[in-house]
Amino acid sequence: MLLLSLPGLAAVAALLFTWLQVNQTGKEVRIAEEGQITNRFTAAIGNLGSGSIDVRLGGIYALERIMNDSPRDQATVVSVLSAYVRRHAPVPTGAPTADISAAMNVLVRRRPESDKGLELDLSRTDLRGWKPAHPYEGRVIHLRGTIFTGADLSDAQLGGADLSDASLEKANLSRADLSMATLTRVVFEEAQLRNTAFDGADLTDADLCGWGIKCPDLAGASFAGADLTRASFVGADLRKATICAEMFLAPVGSTKEPEVVPTCATLRDVHLSDANLSGVDLAGTDLSRADLTNADLSKANLTDANLTGAILKGTKLSGAQLKGARGLPPPLR
11 MLLLSLPGLA
21 AVAALLFTWL
31 QVNQTGKEVR
41 IAEEGQITNR
51 FTAAIGNLGS
61 GSIDVRLGGI
71 YALERIMNDS
81 PRDQATVVSV
91 LSAYVRRHAP
101 VPTGAPTADI
111 SAAMNVLVRR
121 RPESDKGLEL
131 DLSRTDLRGW
141 KPAHPYEGRV
151 IHLRGTIFTG
161 ADLSDAQLGG
171 ADLSDASLEK
181 ANLSRADLSM
191 ATLTRVVFEE
201 AQLRNTAFDG
211 ADLTDADLCG
221 WGIKCPDLAG
231 ASFAGADLTR
241 ASFVGADLRK
251 ATICAEMFLA
261 PVGSTKEPEV
271 VPTCATLRDV
281 HLSDANLSGV
291 DLAGTDLSRA
301 DLTNADLSKA
311 NLTDANLTGA
321 ILKGTKLSGA
331 QLKGARGLPP
341 PLR
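Every letter in the sequence shown is one number past the one before it in our numbering, and letter 109, counting from 1, is 119.
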């Protein structure tokens, strides 16, 4: 029996030896690959310190390739590039140079799931007028949770960007395009929002003012078609802001050309106590369950507006247009 089992034992031994060889080879390959990544990373970092912008651009794109080839190194690459932007484009520097724009484009093209919880810190950077390169098909401009505290984003083109949970305290967003952007839960404390476009943006649970937050200047800001559900505008002056406007929209599921359609912001459950909306066009707006305590809606156009469940304690409605408005208390019907 012992003799009969020897061939089998030899086969097992051969298989074990082969497995050990393959395993060792795999380890050697991984070590070699890690060494290559390290060498590439070192070379790219060296290029970032060059006096030639072309060499710096090469270093930036080399880091992007490393990030794509080795997702586990993404957090390190993101840290390096964000530090590069903070160092080379502090407020006030001026419009971004080619290398800063390139670094920003690499950052917004990354896959956030590989960040390992890292926060993208772009605080106090000068990104005025920045326009991200068009993202790859099926990708969005990833700026979720980014720290933009004190940054200059005036005139920036951020339409459609994902800025949910971003820190925008004291940021300058004057004249910035944030249309169709996702801005859920964003705090805009002391931000500059004059003439900022929020058309079609998602501002659910955003804090623009109130609850201890100083109100920004909203003159010229446009919220047509934006979702402001549960957003805070306590004490805000919205007299020069746009809540309703005509927008080019295509019917859902239709191949027809976009048509001009009157579109208003959604104001369900919004906090507007002590806000000034005197003379503002709110025709057809959904203000259901909105808190309008002590708000000034005098001379506002509330035609066909939905005020079902709205809190109207102390609300000023003198001269307001209320034809077709729903949810009004009996004395105002």
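Glycine included, C-beta positions come from ideal geometry on N, C-alpha and C.
Reference residue i, options the options, closest by Cα
{"i": "F208", "options": "G169, T239, V196, A181", "result": "G169"}
{"i": "F198", "options": "D136, A113, K180, T295", "result": "K180"}
{"i": "D279", "options": "V290, D291, D296", "result": "D296"}
{"i": "I157", "options": "D172, E74, A143", "result": "D172"}
{"i": "W140", "options": "L188, K224, G230, F51", "result": "L188"}
{"i": "F51", "options": "S80, N205, T103", "result": "S80"}
{"i": "T48", "options": "A330, D227, I76, K309", "result": "I76"}
{"i": "A310", "options": "L248, L91, Y71, L163", "result": "L248"}
{"i": "V271", "options": "E256, A161, T325, T303", "result": "E256"}
{"i": "D314", "options": "A161, L332, L302, A216", "result": "L332"}
{"i": "A246", "options": "T273, N304, G294", "result": "N304"}
{"i": "G334", "options": "L292, T325, A108, T103", "result": "L292"}
{"i": "I253", "options": "S92, G324, N205", "result": "N205"}
{"i": "P106", "options": "D175, A161, T273, R82", "result": "A161"}
{"i": "M114", "options": "L128, G127, V101, S92", "result": "S92"}
{"i": "H281", "options": "V244, T273, G294", "result": "V244"}
Terminal residues of the alpha helix (DSSP H) in which residue i lies
{"i": "D64", "result": "63 to 79"}
{"i": "I393", "result": "A query on residue 393 cannot be resolved here, the shown segment of the chain reaching from 11 to 343 and no further."}
{"i": "I110", "result": "108 to 119"}
{"i": "V244", "result": "It is not in any alpha helix (DSSP H) - V244 carries neither H nor E in the DSSP assignment."}
{"i": "L91", "result": "84 to 98"}
Contacting residues, own chain, Cβ-Cβ under 7 Å from residue i (five flanking each side not counted)
{"i": "G59", "result": "none"}
{"i": "D125", "result": "Q84, A85, V88"}
{"i": "I110", "result": "V95, H98, A99"}
{"i": "P339", "result": "L322"}
{"i": "E123", "result": "none"}
{"i": "A108", "result": "I63, L67"}
{"i": "R120", "result": "M77, Q84, V88, H152"}
{"i": "C219", "result": "C225, P226, S242, F243, V244, G245, A246"}
Where residue i sits in the DSSP three-state scheme
{"i": "V39", "result": "No answer about V39 holds up, because its pLDDT of 47 lies below 50 and its placement is not dependable."}
{"i": "I151", "result": "coil"}
{"i": "P341", "result": "helix"}
{"i": "F51", "result": "helix"}
{"i": "N57", "result": "helix"}
{"i": "A330", "result": "coil"}
{"i": "T214", "result": "coil"}
{"i": "T318", "result": "coil"}
{"i": "T103", "result": "coil"}
{"i": "S174", "result": "coil"}
{"i": "E256", "result": "strand"}
{"i": "P122", "result": "helix"}
Delimiting residues of the beta strand (DSSP E) encompassing residue i
{"i": "D217", "result": "217 to 219"}
Own chain, CB closer than 8 Å to residue i, minus 5 neighbours either side, in chain order
{"i": "T214", "result": "T194, R195, D237, L238, T239, R240, A241"}
{"i": "T159", "result": "S133, R134, S177, L178, E179, K180, A181"}
{"i": "V39", "result": "Here the model assigns V39 a pLDDT of 47, short of 50, so the residue's position is not dependable, and the following value carries that caveat. The answer is none, since no qualifying residue turns up."}
{"i": "A191", "result": "L168, G169, G170, A171, D172, L173, F208, A211, D212"}
{"i": "A42", "result": "Note that A42 scores a pLDDT of 47, beneath 50, so its modelled location is shaky; the value from the coordinates is reported in the next line. Closer than 8 Å at the Cβ level, and outside the excluded window around A42, lies no residue."}
{"i": "V90", "result": "I55, L58, L73"}
{"i": "A166", "result": "L137, R138, G139, W140, K141, L183, A186, D187"}
{"i": "Y71", "result": "A112, V116"}
{"i": "A251", "result": "L228, A229, G230, A231, S232, F233, V290"}
{"i": "A330", "result": "L307, S308, K309, A310, N311, L312"}
Rounded Cβ spacing between residue i and residue j (contact assumed at less than 8 Å)
{"i": "L327", "j": "L342", "result": "7 Å"}
{"i": "A99", "j": "D136", "result": "5 Å"}
{"i": "G337", "j": "S298", "result": "7 Å"}
{"i": "S155", "j": "L130", "result": "Note on identity: in this sequence residue 155 is Gly, with Ser being the wrong assignment. Correct: roughly 7 Å between the Cβ atoms."}
{"i": "L277", "j": "L307", "result": "Their Cβ separation, rounded to whole angstroms, is 12 Å, which puts L277 and L307 out of contact at 8 Å."}
{"i": "G319", "j": "A275", "result": "That pair is no contact at about 18 Å."}
{"i": "L183", "j": "L153", "result": "Contact doesn't hold; Cβ gap of about 13 Å is too wide."}
Residues near residue i by beta carbon distance below 6 Å, same chain, minus five either side
{"i": "K224", "result": "E200"}
{"i": "T103", "result": "D136"}
{"i": "A216", "result": "L193, V196, A241"}
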